[in-house]
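Chemist: My questions will all concern the structure given below.
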Amino acid sequence: MKQVFTALAVGTLFVSAPALADAEVGKPAPSFTLKDESGKEHTLAQYKGKVVVLEWTNPECPFVQRHYKSDTMATTLKGFDAKKVVWLAVDSTAHNTPAKSAAWKKEEGFPYPVLQDASGTVGKSYGAKTTPHMYVIDEKGVVRYAGAIDDDPRGKNARPSNHVKTAVDAVVGGQQVPTSTTTPYGCSVKYKS
Numbered sequence: 093m094k095q096v097f098t099a100l101a102v103g104t105l106f107v108s109a110p111a112l113a114d115a116e117v118g119k120p121a122p123s124f125t126l127k128d129e130s131g132k133e134h135t136l137a138q139y140k141g142k143v144v145v146l147e148w149t150n151p152e153c154p155f156v157q158r159h160y161k162s163d164t165m166a167t168t169l170k171g172f173d174a175k176k177v178v179w180l181a182v183d184s185t186a187h188n189t190p191a192k193s194a195a196w197k198k199e200e201g202f203p204y205p206v207l208q209d210a211s212g213t214v215g216k217s218y219g220a221k222t223t224p225h226m227y228v229i230d231e232k233g234v235v236r237y238a239g240a241i242d243d244d245p246r247g248k249n250a251r252p253s254n255h256v257k258t259a260v261d262a263v264v265g266g267q268q269v270p271t272s273t274t275t276p277y278g279c280s281v282k283y284k285s
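Numbering (the numbering used here), first residue to last: 93 to 285.
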């Protein structure tokens, strides 16, 4: 597998690698049980019957900060029917804590939970490489999209194409996702070493 790493001034990594992971498009998504920032337990199984968007995140990452400053995630979520779609952020950063996630959630004002995966077990089972790294799972628990939030890694495109919106709209509409994998971009997930 060819990987190209470009160091950014802030000491993070821009990862350009194929979206090859244990969470393969067309196959069942790896199951998980994780607690959110308030201690509430979430399992993938409890959301069966709904489309699930998983967003790997780290509020310390400049790419994540840019997307939250421009409300990419919140705006994308607002376009979906809440009865059909669930959005879950997952933080696999080794030094993350529930208190840090709660403070960040309050500061940014988003409604969805931040699942705590400081061990990195779930992130590694999905093959999450970057923050953000996105997955769309259909109502039967099958991965239908894996990759970037959009086609604008540098934040310079006035009208980026939102891959997650396109994927969710297709799944909800009973259609095939036009582009089921893209190359995720952002900071490397800061897994426990």
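All C-beta atoms, glycine included, are put in the ideal place defined by N, C-alpha and C.
Span of the beta strand (DSSP E) holding Tyr337?
Modeler: In the structure as shown, the chain starts at 93 and stops at 285, and residue 337 therefore has no counterpart that could be examined.
Chemist: To test your reading of the DSSP string, which unbroken alpha helix (DSSP H) runs of 4 or more residues are found completely within the stretch 240–284?
Modeler: Listed in chain order, they are 255–264.
Chemist: Could you give the DSSP three-state label for Thr168: helix, strand or coil?
Modeler: Residue state, collapsed to three classes: helix.
Chemist: Looking at the secondary structure, which residues open and close the beta strand (DSSP E) in which His187 lies?
Modeler: Run containing His187: none; DSSP gives neither H nor E here.
Chemist: Enumerate, from N- to C-terminal direction, the unbroken beta strand (DSSP E) stretches of 3 or more residues contained entirely within the stretch 176–221.
Modeler: The qualifying runs are 177–183 and 206–208.
Chemist: Near Asp114, which residues of its chain fall below 7 angstroms by C-beta distance, leaving aside the five closest residues on each side in sequence?
Modeler: If we look at Asp114 and ignore the five residues flanking it on each side, its Cβ neighbours are Pro122, Ser217, Tyr218 and Gly219.
Chemist: Ordered along the chain, which non-local residues of its own chain (more than five positions away) have a Cβ less than 7 angstroms from that of Gly201?
Modeler: Excluding residues within five positions, none has a Cβ falling inside 7 angstroms.
Chemist: Out of Ile229, Ala137 and Thr222, point me to the one whose CA is closest to Pro245's CA.
Modeler: For Pro245, the nearest C-alpha among the options comes from Thr222.
Chemist: Rounded to whole angstroms, what is the Cα-Cα separation between Asp182 and Gly265?
Modeler: Here the sequence assigns Val to residue 182, which means Asp is not the residue at that position. Those two C-alpha atoms are separated by around 26 angstroms.
Chemist: When the distance is taken between beta carbons, is Asn150 closer than 8 angstroms to Val144?
Modeler: No, Cβ-Cβ distance for Val144 and Asn150 is not below 8 angstroms.
Chemist: According to DSSP, is Ala113 helix, strand or coil?
Modeler: Summary for Ala113: the model assigns pLDDT 47, below 50, so the residue's position carries little reliability, and this model does not support an answer.
Chemist: I'd like the list of long-range same chain contacts for Gly171, defined as Cβ closer than 7 angstroms, with 5 residues on each side in sequence excluded.
Modeler: Only Lys257 meet the Cβ criterion.
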